[in-house]
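Right, one structure below, let's go through it.
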Amino acid sequence: MAEELSKIMVCIDGSEASIKAARRVLEMAKKYEAKVVAIYISFIPNYLRRLPQYAWEELQVYDVEQMQEWLKDIVIQANEQNIQFKTLVRETTSSVVKEIIDVADEERVDLIVVGSTGKSRLDRMLVGSVAQGVMINAKCSVLLVR
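For what it's worth, this note's numbering labels the leading residue of the sequence shown as -9, then goes sequentially.
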């Protein structure tokens, strides 16, 4: 199995479920000696694209800082366990699911791990719409963490 699971991607949105998914990924990465890619997709509505350049740059910095805050303990644990851990922040004006799938393809991951629910109230009541979209559209295996 170790050869089959060499790179794992975890989707982060700051929700409790996504942080739990990141912790689970560390366990798996240690067991299978896999590399980890943590990704945060920032959905940017089209109307925000009209902001001045400085405001746009501030939004991008904010996204990176948010992800660093959410993952600070996870990154420390990964370093302590000698797990190769890379973080990516991507932006999209259309589909978060499509962006996740595109990154998974670009990174050639063997497994995508997502939390079962996102941050919105509706997502917390059901399996999250992003999680569901990833499960349906991914070319690789998907693990849903509750």
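Note that the Cβ used here is the ideal one computed from N, Cα and C, for glycine as well.
Between the beta-carbon of residue i and the beta-carbon of residue j, is there less than 8 Å?
| i | j | result |
| --- | --- | --- |
| Ile2 | Arg80 | no |
| Val120 | Val99 | no |
| Val135 | Ala11 | yes |
| Glu97 | Met(-1) | yes |
| Val93 | Ile9 | no |
| Leu78 | Val27 | yes |
Tell me the DSSP secondary structure of residue i in three-state form.
| i | result |
| --- | --- |
| Ser5 | coil |
| Lys25 | strand |
| Ser(-4) | coil |
| Leu41 | coil |
| Ile90 | helix |
| Ile31 | strand |
| Gln71 | coil |
| Arg98 | coil |
Return the first residue and the last residue of the beta strand (DSSP E) that residue i is part of.
| i | result |
| --- | --- |
| Leu101 | 101 to 105 |
| Glu78 | Note that residue 78 is Leu in the sequence shown, not Glu. 75 to 82 is the span of the beta strand (DSSP E), which, as asked, contains Leu78. |
| Ser131 | 131 to 135 |
Give me the Cα-Cα distance between residue i and residue j, rounded to the nearest whole angstrom.
| i | j | result |
| --- | --- | --- |
| Leu16 | Phe75 | 9 Å |
| Leu41 | Ile34 | 11 Å |
| Glu70 | Asp63 | 11 Å |
| Leu(-5) | Asp95 | 15 Å |
| Lys20 | Tyr37 | 43 Å |
| Lys25 | Val103 | 13 Å |
| Gln56 | Ala128 | 26 Å |
| Leu101 | Arg39 | 32 Å |
| Trp46 | Tyr52 | 10 Å |
| Gln43 | Gln50 | 11 Å |
Taking residue i as part of the alpha helix (DSSP H), name the residues at either end of that continuous run.
| i | result |
| --- | --- |
| Gln122 | 119 to 127 |
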